[in-house]
Amino acid sequence: MRAAAGARWVAARLAAAALAAAILLPALAPREAAAHSASDAYLSLTVDATETRGLLIHGQWDIALRDLDFVLHLDDDGDGRVTWGEVRRHQASIEHLAYQALHLGESLNTGGGSCSIKPVRQMIDEHADGAYASLFFDVICARPTRKLTLDYGLFFAIDPSHRGIFVMRSGAHVATAVLSPGNASIEVSL
Numbered sequence: 002m003r004a005a006a007g008a009r010w011v012a013a014r015l016a017a018a019a020l021a022a023a024i025l026l027p028a029l030a031p032r033e034a035a036a037h038s039a040s041d042a043y044l045s046l047t048v049d050a051t052e053t054r055g056l057l058i059h060g061q062w063d064i065a066l067r068d069l070d071f072v073l074h075l076d077d078d079g080d081g082r083v084t085w086g087e088v089r090r091h092q093a094s095i096e097h098l099a100y101q102a103l104h105l106g107e108s109l110n111t112g113g114g115s116c117s118i119k120p121v122r123q124m125i126d127e128h129a130d131g132a133y134a135s136l137f138f139d140v141i142c143a144r145p146t147r148k149l150t151l152d153y154g155l156f157f158a159i160d161p162s163h164r165g166i167f168v169m170r171s172g173a174h175v176a177t178a179v180l181s182p183g184n185a186s187i188e189v190s191l
């Protein structure tokens with residue numbers, strides 16, 4: 002009888018230890034393993050209704066610093082943190098990478114003219130999954146148009162799982178899209 006009680010006591014202790022390990026070990030695991038996020042960027046465009054000669058659109062593009070660091074090696078000192086100073090030192094590289102991957106123009110149905118992108122400023126914005134470079138810019142089209150074609154290719158060549166979350170505001174009209182390698186070129190009504 003005494004042996005059976007001892008065996009039950011050992012079994013209960015082992016079960017308690019296993020339960021404690023199951024609860025505590027995930028909390029002790031490295032954060033990088035638990036905090037991995039998919040590659041994404043947020044592109045927001047707003048038509049400026051005050052423009053009378055052509056088409057002026059104000060843009061904000063939030064791109065995850067972790068993705069930019071992977072491609073451009075922003076962390077100059079290798080400490081695992083990308084600082085505002087490091088982002089500022091790489092500002093031209095960030096803009097070049099981003100704006101080479103974004104093209105806007107009039108729809109082919111309305112003449113197909115190209116629009117230019119004029120960088121305005123860069124900041125850092127904090128999202129739930131980390132820090133993002135916020136690129137503010139203007140899109141300038143020589144003439145007004147009712148439809149715009151957007152071609153987006155950021156990170157697709159190195160990460161086909163990357164997604165661009167797109168929002169376009171034009172007066173009361175709002176258009177949204179998820180941009181991916183299979184949906185990289187879209188036409189937006191203004």
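Here the sequence shown is numbered in our numbering, starting from 2 and rising by one per residue. No residue lacks a Cβ here, since even glycine has one placed at the ideal position from N, Cα and C.
So what does DSSP say about residue i, is it helix, strand or coil?
| i | result |
| --- | --- |
| Glu52 | coil |
| Val179 | strand |
| Ser94 | helix |
| Gly106 | strand |
| Arg170 | strand |
| Val83 | coil |
| Ser190 | strand |
| Ala99 | helix |
| Arg122 | strand |
| Arg89 | helix |
| Ala185 | coil |
Please determine, among the options, the residue with the shortest C-alpha to C-alpha distance to residue i.
| i | options | result |
| --- | --- | --- |
| Ile64 | Ile187, Gly55, Tyr100 | Tyr100 |
| Leu44 | Gly154, Gly183, Ser162 | Gly154 |
| Arg122 | Ser171, Thr53, His59 | His59 |
| Val72 | Glu107, His97, Leu180 | His97 |
| Thr146 | Val88, Ser135, Val48 | Val48 |
| Ile95 | Glu107, Phe157, Leu56, Asp70 | Asp70 |
| Phe226 | Pro120, Ala129, Glu127 | In the structure as shown, the chain begins at 2 and stops at 191. Residue 226 is therefore absent and cannot be evaluated. |
Near residue i, which residues of its chain fall below 6 Å by C-beta distance, leaving aside the five closest residues on each side in sequence?
| i | result |
| --- | --- |
| Ala36 | Reliability fails at Ala36, whose pLDDT of 42 lies under 50, so the model's placement of it is uncertain and no value is given. |
| Met169 | Leu46, Ala176, Val189 |
| Glu87 | Leu75, Asp77 |
| Ala132 | Leu66, Ile125 |
Considering only residues of the same chain and omitting the five flanking positions on each side of residue i, which have a CB-CB separation below 7 Å?
| i | result |
| --- | --- |
| Ala93 | none |
| Ser171 | Val48, Leu191 |
| Gly55 | Ile141, Cys142, Ala143, Arg144, Pro145 |
For residue i, report the span of its alpha helix (DSSP H) as first-last.
| i | result |
| --- | --- |
| Phe71 | 66-73 |
Within the continuous beta strand (DSSP E) that includes residue i, where are the two ends?
| i | result |
| --- | --- |
| Ala134 | 131-142 |
| Ser115 | Premise fails: Ser115 is in no beta strand (DSSP E) and is neither H nor E. |
| Leu149 | 148-153 |
Determine, using beta carbons only, whether residue i and residue j come nearer to each other than 9 Å.
| i | j | result |
| --- | --- | --- |
| Arg90 | Asp77 | yes |
| Val140 | Ile118 | yes |
| Ala39 | Arg164 | yes |
| Leu105 | Asp152 | yes |
| Leu66 | Val83 | yes |
| Phe156 | Ala42 | yes |
| Leu136 | Trp85 | no |
| Glu107 | Leu57 | no |
Tell me which same chain residues have a C-beta within less than 8 Å of the C-beta of residue i, skipping the five on either side of it?
| i | result |
| --- | --- |
| His174 | Ser190, Leu191 |
| Leu20 | Note that Leu20 has pLDDT 36, beneath the 50 cutoff, so the model's placement of it is unreliable and no number is given. |
| Ser162 | Ala39, Ser40 |
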